[in-house]
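Numbering (the working numbering), first residue to last: 115 to 253.
All remarks here apply to the structure that follows.
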């Protein structure tokens with residue numbers, strides 16, 4: 115008999131059920147669903163940036179910054195868009211980014227949902243989480 119013993123150091127973590135996505139309102143509120151919140155271990159007080167590939171304008175990425183206690187109440191700090199908690203979800207606001215994102219992918223709606231990849235990529239020392247813009251859905 116050849117046993118493989120599992121413990122906390124060699125057991126893979128279970129993938130969260132459901133699909134990670136951002137819901138985007140007409141006013142530019144990006145709501146983070148629970149699956150994405152858990153996938154990225156996001157907390158209120160963290161911040162995010164969004165990045166667009168200039169050579170492939172339909173390709174967008176989320177960049178998560180660590181939580182800091184020194185953010186002002188202004189949601190668009192120099193460090194990124196501040197994540198705050200509503201009664202049920204985490205979210206951040208940027209009507210300008212919403213408009214740029216929707217226009218770049220030819221999205222006809224005023225609000226929608228964008229699936230997020232489970233697999234981050236590395237580029238120039240940054241961890242980028244791809245937005246899967248081809249699956250965007252009109253609300």
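Every residue gets a Cβ at the ideal spot worked out from N, C-alpha and C, and that includes glycine.
Run through DSSP, which three-state label would residue 189 get?
Summary for residue 189: the model assigns pLDDT 47, below 50, so the residue's position carries little reliability, and this model does not support an answer.
Find out if the Cβ-Cβ distance for the pair residue 230, residue 246 is shorter than 9 Å.
It is a contact, given that the beta carbons lie within the stated cut-off.
So within the stretch 206-246, which uninterrupted beta strand (DSSP E) runs reach at least 3 residues, ignoring any that extend past its ends?
You should have 226-230 and 235-237.
Taking just the CA atoms, how far does residue 161 sit from residue 181?
Between residue 181 and residue 161, the C-alpha separation is close to 7 Å.
Do you know how far the Cα of residue 118 is from the Cα of residue 167?
Using only the alpha carbons, I get a separation of about 44 Å.
Ends of the alpha helix (DSSP H) at residue 163?
Careful: residue 163 lies outside any alpha helix (DSSP H), inside the beta strand (DSSP E) at 161-166.
Comparing C-alpha positions only, which one of 152, 175, 238 and 224 sits nearest to residue 127?
Of 152, 175, 238 and 224, the residue nearest in Cα terms is 152.
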